[in-house]
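A.B. asks: Here's a structure for you.
Residue numbers (my numbering): 410 to 918.
Structural data, given as structure tokens:
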């Protein structure tokens, strides 16, 4: 650290994290500079042990989250401090060595504790990687080390484990700079999960007669996309039911069905221009989503609605190689059918992305179901054909919340019954994540109490922190559902603390 070899330091932390059991804390000795805290915490460090606040004070140096400042260079204090209140830098320079060291050490300790508090808050909000990226701009060597982390191959076991431990979503906006990487671990997780779980909608489309499938990418459109391009998306689907509308975002291509999910829809950025929307970018993104073999067209956003409609018509005309039937636009029943189909597509994709449900099961369940709509045209509740309320979309982050009846519906699906037996490592890759608990925890889960570590018998490898899971007893009977706080490895390794926040339990009859 004294030689500023931060790249090697971060590589060492990653190597230790990969081989250390998840229940063992990483204790970092000699790291006391606030500038390094966000990086170390993001990489998995739990404890810090250092006398840096005193050692730097002896040399007349002041710690800040952005670097180190020497007392000799100061005319004014760089930050407000209770320890420095009432004295000027010149007065401190004239103090005796011990007195000067004491006042600077207390100021350094203030900064150290404040930065640790800031990091804890960032962890609570799911923004520790955002804070680390902001700090990386403070020092060239730190930026180099930051790039070394982001540039690692995703097949690297240490990086893949780091990515999988991140929450897929978080509340609130996400600051995204012009040079922010899309492979930042907290952003990469939802990209890799989308690659694994997302599938195109049925080719038949809203009217059952779709044939000519192609991808239409809407570029340079601002979120919320349901306001900026929804009318054009509906026009596209009316003219070609088999089309797949996608949105070009700084994080990559996003299916229109997921237009309101965090983090894609909540990026706070300085520009809307898609400077990286080149052929290589598009090809890589289409490959990631399994659409590389389909024809592709780009529709650039324009404030003039007439221009946008003309571009949509031109794209459909080019792909169908013939005249398009504009009379379909005149029937309001068609518009309603497309809106309903878009809502179903959104529900199917969200259940696939966040709950790992095969979208075919969702399309089948919603074929004769209905949705309760809000006054603003948003889906409030999702009902099956018999009127059972199974889930509700969330407006805060674009996610989806299950009901107890929804958990029962998921448990009855074929993929949910093919679970890993209790005590196994959980290698199943499809279906909702299932956690088995022992008999001591069962009566509490049925009453809606949380599941604690130490009572889990097995956990599916598809378990993601912050996402829904089913809770079963040792015989595979559903006893509740909730939101996991950890991934599968941590679920089985930890012995203390809350493992699953239970939303509801199946009461004994």
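Built from N, CA and C at the ideal position, the CB exists for glycine as well.
Computed from a predicted structure; not experimentally measured.
At the level of alpha carbons, what is the spacing between residue 604 and residue 693?
C.D. replies: 12 Å
A.B. asks: For residue 804, which residues of its own chain have a beta-carbon under 6 Å away from its beta-carbon, when the five flanking residues on both sides are left out?
C.D. replies: none
A.B. asks: Might you give, ordered along the chain, the residues of its own chain that have their beta carbon closer than 6 Å to the beta carbon of residue 491, omitting 5 neighbours on each side?
C.D. replies: none
A.B. asks: Please name the residue in 506, 594, 569 and 524 whose C-alpha comes closest to that of residue 535.
C.D. replies: 594
A.B. asks: Measure the C-alpha to C-alpha separation of residue 906 and residue 862 and round it to an integer number of angstroms.
C.D. replies: 6 Å
A.B. asks: What is the residue span of the alpha helix (DSSP H) that residue 798 lies within?
C.D. replies: Counting along the chain, residue 798 falls outside any alpha helix (DSSP H), though it belongs to the beta strand (DSSP E) covering 798-802.
A.B. asks: Measuring CA to CA, which of 507, 517 and 646 is closest to residue 487?
C.D. replies: 517
A.B. asks: Would the region 505-524 and the region 464-480 be scored as touching if the rule is three or more Cβ pairs under 8 Å?
C.D. replies: Enough Cβ pairs lie closer than 8 Å, so yes.
A.B. asks: Just to confirm my understanding: we take residue 658, look at its own chain, exclude 5 residues before and 5 after, and list those with CB closer than 6 Å. What are they?
C.D. replies: 673
A.B. asks: Within a Cβ cutoff of 8 Å, which residues of the same chain sit near residue 481, ignoring the five residues on either side of it in sequence?
C.D. replies: 469 and 502
A.B. asks: Residue range of the beta strand (DSSP E) that residue 913 falls in?
C.D. replies: Looking at the DSSP string, the run of the beta strand (DSSP E) that includes residue 913 is 907-914.
A.B. asks: For residue 911, which residues from the same chain have a beta carbon less than 8 Å from its beta carbon, with the 5 sequence-adjacent residues on both sides left out?
C.D. replies: 854, 857, 858, 859, 860, 880, 889, 890 and 891
A.B. asks: Judging by CA-CA distance, which residue of 585, 554 and 600 is the nearest neighbour of residue 573?
C.D. replies: It is 600 whose Cα lies nearest to the Cα of residue 573.
A.B. asks: Apart from the five residues on each side of it in sequence, which residues of its chain come closer than 7 Å, Cβ to Cβ, to residue 596?
C.D. replies: Excluding five sequence positions before and after residue 596, the CB atoms of its chain that fall closer than 7 Å to its own CB belong to 660 and 672, given in chain order.
A.B. asks: Work out the CA separation of residue 623 and residue 811 for me, nearest whole Å.
C.D. replies: Approximately 33 Å between the Cα atoms of the pair.
A.B. asks: Rank 704, 439, 752 and 496 by C-alpha distance to the C-alpha of residue 615 and give the top, closest one.
C.D. replies: 752
A.B. asks: Roughly how many angstroms lie between the CA atoms of residue 724 and residue 714, to the nearest whole one?
C.D. replies: 15 Å
A.B. asks: Can you tell me whether residue 578 is buried or exposed, with buried defined as 16 or more other CB within 10 angstroms of its CB?
C.D. replies: buried
A.B. asks: Excluding five sequence neighbours on each side, which residues of the same chain lie with their C-beta closer than 8 Å to the C-beta of residue 684?
C.D. replies: Low per-residue confidence applies at residue 684: pLDDT is 49, beneath 50, and the placement is therefore not dependable, though the value from the model is reported in the following sentence. Scanning its chain for C-beta atoms nearer than 8 Å, with the 5 sequence neighbours on each side dropped, one finds no residue around residue 684.
A.B. asks: Between 434, 479 and 451, which has its C-alpha nearest residue 458's C-alpha?
C.D. replies: 434
A.B. asks: Give the single residue among 839, 819, 904 and 877 whose Cα lies nearest to the Cα of residue 886.
C.D. replies: 819
A.B. asks: Buried or exposed: where does residue 668 fall if 16 or more other Cβ atoms within 10 Å of its Cβ makes it buried?
C.D. replies: buried
A.B. asks: Please say whether residue 427 and residue 567 have beta carbons closer to each other than 8 Å?
C.D. replies: yes
A.B. asks: Quick check on DSSP: helix, strand or coil for residue 810?
C.D. replies: strand
A.B. asks: My output table needs one value for residue 815: the three-state DSSP class, helix, strand or coil.
C.D. replies: helix
A.B. asks: Taking the alpha-carbon positions, what's the residue 510 to residue 455 distance?
C.D. replies: 29 Å
A.B. asks: Which residue wins for smallest C-alpha separation from residue 808, given the options 432, 878, 763 and 736?
C.D. replies: The shortest C-alpha separation from residue 808 is found at 763.
A.B. asks: Using the Cβ count rule (16 or more neighbours within 10 Å means buried), how would you classify residue 633?
C.D. replies: exposed
A.B. asks: Looking only at its chain, what residues have a beta carbon closer than 6 Å to the beta carbon of residue 882, apart from the 5 residues adjacent to it on each side?
C.D. replies: 851 and 888
A.B. asks: Pull up the CB-CB distance for residue 445 and residue 423, whole angstroms please, since I reckon it's below 8 Å.
C.D. replies: With a Cβ gap of about 15 Å, residue 445 and residue 423 do not count as contacting.
A.B. asks: Are the beta-carbon atoms of residue 619 and residue 612 separated by less than 8 Å?
C.D. replies: yes
A.B. asks: May I ask you to report which of helix, strand or coil DSSP gives residue 460?
C.D. replies: It is coil, neither helix nor strand.
A.B. asks: Distance check for residue 770 and residue 823, CA to CA, integer angstroms please.
C.D. replies: Here the alpha carbon of residue 823 sits roughly 9 Å from the alpha carbon of residue 770.
A.B. asks: Counting only runs that start and end within the region 485-520, where is the alpha helix (DSSP H) found for 4 or more residues in a row?
C.D. replies: 498-502
A.B. asks: Can residue 864 and residue 846 be called in contact, C-beta distance under 8 Å?
C.D. replies: Taking 8 Å as the Cβ cut-off, residue 864 and residue 846 qualify as a contacting pair.
A.B. asks: Spatial neighbours of residue 420 within its chain, please: CB distance less than 8 Å, with the 5 preceding and 5 following residues excluded, ordered by chain position.
C.D. replies: 557
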